[in-house]
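To start, the structure itself, in structure tokens.
Number of protein chains: 2
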Amino acid sequence: MAVLSALSVNGDRLMGWIDRLAKIGRLANGDICRLAFTAEDVQARYLVQQWMMEAGMTVRTDAGGNIIGTYAGLREAPALATGSHIDTVPSGGAYDGVLGVLAGIEVVRTLHENHLRLQHPLEVIVFTDEESSMVGARSMAGVVPRSPTELKLREGLAIESSLETLGGNWDTIGTAQRTHDHIAAFVELHVEQGAVLEHVGKAVGVVQGIVGMRRSKITILGQANHAGTTPMDLRQDALVAAAQVVLAVREIALGMPGSPVATVGSLTVLPNAANIVPGTVDLTVDMRDLSQACIDTMQERLERELRAIATATDTQISSEPLLNVAPSPATPQVQAAITQVCQHLGLSHYEMPSRAGHDAMEMGYITDMGMIFVPSQSGLSHSGHEYTAPKQCIQGANVLLHTIFRLDEIYS
Amino acid sequence: MAVLSALSVNGDRLMGWIDRLAKIGRLANGDICRLAFTAEDVQARYLVQQWMMEAGMTVRTDAGGNIIGTYAGLREAPALATGSHIDTVPSGGAYDGVLGVLAGIEVVRTLHENHLRLQHPLEVIVFTDEESSMVGARSMAGVVPRSPTELKLREGLAIESSLETLGGNWDTIGTAQRTHDHIAAFVELHVEQGAVLEHVGKAVGVVQGIVGMRRSKITILGQANHAGTTPMDLRQDALVAAAQVVLAVREIALGMPGSPVATVGSLTVLPNAANIVPGTVDLTVDMRDLSQACIDTMQERLERELRAIATATDTQISSEPLLNVAPSPATPQVQAAITQVCQHLGLSHYEMPSRAGHDAMEMGYITDMGMIFVPSQSGLSHSGHEYTAPKQCIQGANVLLHTIFRLDEIYS
């Protein structure tokens with residue numbers, strides 16, 4: 017470690033690549049629209065493949081459309097892997113996903129320029145469609161739903177032709193699956209997309225894992241009625257019940273140890289007229305935490321609250337699961353490696369969960385996994401205003417470089 | 017009173033008229049759509065005019081499009097007046113408005129058949145567009161807003177051509193205005209459109225007045241944010257603030273003496289996605305009571321609550337008035353006349369406010385006013401399921417008949 021700690025990535029080159037990729041899909045308002053499977057996605061992939069090859073990697077595309085760049089190791093061994101995605105949401109930013117991919121390539125290029133090889137092969141992976149179907153990471157983890165509706169592909173797309181556009185193949189998607197035998201550990205560098213690091217004033221987030229999520233649709237049936245003629249005590253006001261649910265959801269999260277989050281993000285009132293007591297409300301509850309036990313306890317409390325609120329407001333409340341995603345804890349020794357590297361490089365660091373989904377979540381189901389976060393200015397993401405300063409991006413890339421060195425030792 | 021108490025209306029004829037009118041605008045699903053100014057409205061007016069003339073009335077239409085049938089009295093004196101409306105909401109019922117108009121005509125027809133004349137002329141009025149602009153009753157009360165936007169006419173209509181369709185005239189609308197010198201007292205029979213009479217098991221409602229209304233639009237500005245990455249304590253959740261407003265509005269009404277009502281009927285969330293902390297909520301608050309002081313107190317409490325909620329939730333809350341309608345109290349001696357008649361006819365009765373708007377509200381601004389309610393089954397109105405039993409309709413018409421006799425004595 018002593019010798020290699022002097023090594024660092026070429027920060028100017030990394031930032032140049034980030035700027036170059038940001039031009040592809042840039043809209044007039046500064047947002048970046050580089051949706052998976054579009055011409056912009058293909059153009060960005062083409063460029064990234066060039067950079068991979070220039071860095072000394074061999075490049076292939078698997079059946080899930082994932083680009084896998086491999087930098088050969090000294091030994092026949094399972095690979096170490098890093099990577100992320102280069103597709104964006106419809107109004108995305110320049111760093112989300114992109115930083116992880118390009119920092120990975122820069123790490124390899126740095127090794128290559130310094131005539132260094134690891135014991136393990138090192139893979140840099142560009143995962144397919146992280147922002148919508150996550151079909152790339154899912155195919156690698158072997159958890160692709162076979163039904164296109166469960167796949168949550170962007171509307172109007174067919175999975176067969178979409179994958180074909182990227183050189184993937186839906187019919188042989190099973191061949192994309194990897195296991196712990198192929199990949200010894202996966203580590204992803206990503207912008208935080210939240211304001212925690214900025215808030216605590218730390219340079220690097222050591223991710224404890226990716227939170228699980230339980231999302232439900234709640235339907236409250238009251239009785240629509242004249243807002244003038246219906247006395248308060250004869251009402252079955254679905255919105256009064258919904259208001260109690262909104263506040264209960266918040267209280268449930270605040271009442272738990274750790275720092276789970278719970279959100280009512282969507283709420284629709286029927287008939288939604290000023291002079292009619294609301295008859296029906298539909299709302300969503302989204303609860304996330306690193307601990308499955310915490311999520312389960314919040315769900316139990318929610319169900320208890322829903323029963324009490326239904327009784328108190330003379331309404332009928334039903335609940336329907338929408339999503340149920342298990343937490344993906346980061347592997348303790350990968351976390352420890354990242355922490356040691358930060359200490360070594362003199363960078364302040366902070367242990368935190370990732371509360372957004374990432375490709376690493378799926379990878380965590382099949383192999384050892386860790387994530388490195390760098391700060392997002394004001395916590396903004398999924399916006400052209402997304403920003404992480406060059407210094408912070410480069411610090412993240414250097415943490416990734418040295419973490420890979422550490423993992424190369426640990427998994428020897 | 018002793019002699020006349022034997023007199024009663026022809027219930028079969030009244031119910032026959034109600035059934036006949038219900039055929040005009042009846043939809044396949046049983047609802048009635050007889051919007052003001054439409055061919056259906058004109059057809060119904062044509063029929064009602066025929067019935068007025070057959071009952072011995074002279075008929076005219078004023079500049080507000082109101083049909084005024086007059087049954088001459090024995091003396092030159094201000095008229096006694098009754099009436100209501102025959103237009104419906106888009107999915108209306110057979111009784112709302114119609115009962116008051118047709119019972120008025122039936123009262124006159126009963127007098128006519130029995131060769132009876134009052135001291136006062138007796139007018140039966142069909143008011144124009146009660147369900148939307150109330151332009152008929154407003155023109156008679158001399159409170160027509162001159163700006164078409166304030167008139168709240170149904171979308172797509174022009175007031176000039178609309179009134180012309182019914183024989184009215186926007187240019188001379190001022191001529192429709194009446195005063196206490198023209199009309200000594202106005203009494204309106206109407207279905208309750210609420211479930212209070214059914215709930216207390218009474219045959220007749222003696223209306224204490226028509227409640228005033230204060231309606232506001234509240235806008236709550238928080239900060240839309242990622243529902244996963246934004247910690248609970250860093251959120252500015254507009255929906256959490258809105259939920260507190262919804263519950264505060266209910267508590268404000270419940271905490272007042274009397275039985276005011278207060279409703280959040282409409283609430284819209286932006287961006288309204290399951291995975292985004294709500295950034296903006298728009299909602300309406302509608303507060304009604306018979307007492308202006310009560311409404312004012314509720315408004316003050318609301319404003320205080322909004323300030324407290326904004327502070328507690330780190331949001332900005334603004335409020336904009338939408339409607340401000342003064343209560344229209346019923347005249348005590350008209351209320352007393354209705355009560356005495358109920359006692360005389362052996363009908364159970366109940367003093368109650370009208371919590372819906374009516375033509376009588378506007379009439380109350382210019383002359384002595386009272387209203388008679390009969391029960392609405394399950395409180396349903398503005399629906400094809402609206403129902404008041406024949407017995408209840410006929411009881412209402414008989415209370416109207418004898419109340420007019422009483423008023424004829426009182427105002428002599």
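Order-wise, the sequence lines are chains A and S. All residue numbers for the first sequence refer to the working numbering, where the first residue is 17 and numbers rise by one. All residue numbers for the second sequence refer to the working numbering, where the first residue is 17 and numbers rise by one. C-beta atoms are modelled at their ideal positions from N, C-alpha and C, and glycine is treated no differently.
Partners in chain A for S/A244, counting only beta-carbon separations shorter than 9 Å: It should be noted that the sequence gives Gly, not Ala, for residue 244 of chain S. Neighbours of S/G244 on chain A, chain order: Q209, G210, V227, M229, V277, T279, D302, R304, S370, R371, A372 and G373.
Supposed contact pair A/L423 and A/L96 - C-beta distance, whole angstroms, cut 8 Å: About 5 Å separates the CB atoms of A/L96 and A/L423; that is less than 8 Å, so the two are in contact.
Residue-level contact to chain S via CB, A/M17, 7 Å cutoff: Any reading at A/M17 needs caution, since the residue's pLDDT is 47, under 50, leaving its predicted position unreliable; the model's value is listed next. No, no contact with chain S.
A/V216 vs A/Q351 beta-carbon contact at 7 Å: no
Same chain, Cβ closer than 7 Å to S/L361, neighbours up to 5 away in sequence not counted: N414, V415 and H418
Best match in A/P287, A/T165, A/P337 and A/S282 for proximity to S/H242 [C-alpha to C-alpha]: A/S282
Other residues of its chain near A/S334: CB distance less than 6 Å, five sequence neighbours each side excluded: T235
Under the three-state DSSP convention, the category S/L30 falls into: Collapsing the DSSP output to three states places S/L30 in a helix.
Neighbouring residues, chain S, relative to A/V285 (Cβ below 7 Å): The contact set of A/V285 on chain S, defined by CB atoms closer than 7 Å, consists of S282 and L283 in chain order.
Beta-bridge pairing of S/Y427 - partner residues as DSSP gives them: Answer by DSSP bridge pairing: none, since S/Y427 is not bridged.
Any chain A beta carbon closer than 7 Å to S/P106: no
Extent of the continuous alpha helix (DSSP H) to which S/D384 belongs: That residue, S/D384, is in no alpha helix (DSSP H); its beta strand (DSSP E) goes D384 to V390.
As assigned by DSSP and simplified to three states, the class of S/E171: For S/E171, the secondary structure class from DSSP, reduced to helix, strand or coil, is coil.
Contact with chain A by S/N288, beta-carbon distance below 7 Å: It does: the Cβ of S/N288 has a partner Cβ on chain A nearer than 7 Å.
For S/S24, the three-state DSSP class (helix, strand or coil): S/S24 falls in the coil class under three-state DSSP.
Inside the stretch 101-187 of chain S only - alpha helix (DSSP H) runs reaching at least 4 residues: 114-129, 151-157, 164-167 and 175-181
Where the beta strand (DSSP E) through S/T331 begins and ends: No beta strand (DSSP E) holds S/T331; DSSP gives it neither H nor E.
Within 7 Å, strictly: CB atoms of S/L118 and S/M229: no
Contacting residues, own chain, Cβ-Cβ under 7 Å from A/S176 (five flanking each side not counted): Before going on, a small fix: residue 176 of chain A reads as Glu here, not Ser. Around A/E176: W186.
Residue environment, S/R323, which counts as buried when at least 16 other CB atoms sit within 10 Å: exposed
Whole-angstrom distance between S/I354 and S/A18, CA atom to CA atom: With a pLDDT of 44 at S/A18, under the threshold of 50, the predicted position of this residue should be treated as unreliable, though the coordinate-derived value follows. If I take the Cα positions, the gap works out to 16 Å.
Partners in chain S for A/A157, counting only beta-carbon separations shorter than 9 Å: Within 9 Å Cβ-Cβ: nothing; A/A157 doesn't reach chain S, min ~20 Å.
Validate contact between the stretch 381-396 of chain S and the stretch 197-217 of chain S using beta carbons, cut 8 Å, 3 pairs: yes
Within-7 Å CB hit, S/I292 to chain A: yes
Supposed contact pair A/R371 and A/R304 - C-beta distance, whole angstroms, cut 8 Å: 6 Å
S/T429 vs S/A79 beta-carbon contact at 7 Å: The requested residue 429 of chain S is not part of the displayed model; chain S covers only 17 to 428.
Extent of the continuous beta strand (DSSP E) run through S/M73: That residue, S/M73, is in no beta strand (DSSP E); it is neither H nor E in DSSP.
DSSP-derived helix/strand/coil call for S/Q239: strand
Buried or exposed by the 16-neighbour rule on C-beta atoms within 10 Å, applied to A/V159: exposed
CB of S/A9 within 7 Å of CB of S/D103, strictly: With chain S represented from 17 up to 428, any question about residue 9 of chain S goes unanswered, as that position is not in the structure.
Residue of S/H101, S/L167, S/S399 and S/M69 minimising C-alpha distance to A/A240: S/S399
Nearest candidate by alpha-carbon position, reference S/T329, set S/L169, S/A200, S/L167 and S/D253: Nearest option by C-alpha distance: S/D253.
Continuous beta strand (DSSP E) assignments of at least 3 residues falling wholly in the stretch 233-306 of chain A: 277-279, 283-286 and 296-305
Beta-carbon gap between S/V114 and S/L37 smaller than 7 Å: Between S/V114 and S/L37, the C-beta spacing is below 7 Å.
Enclosing alpha helix (DSSP H) for S/G380 [first to last residue]: D375 to G380
C-alpha distance - S/V261 paired with S/V203, whole-angstrom precision: Spanning the two alpha carbons is a distance of roughly 39 Å.
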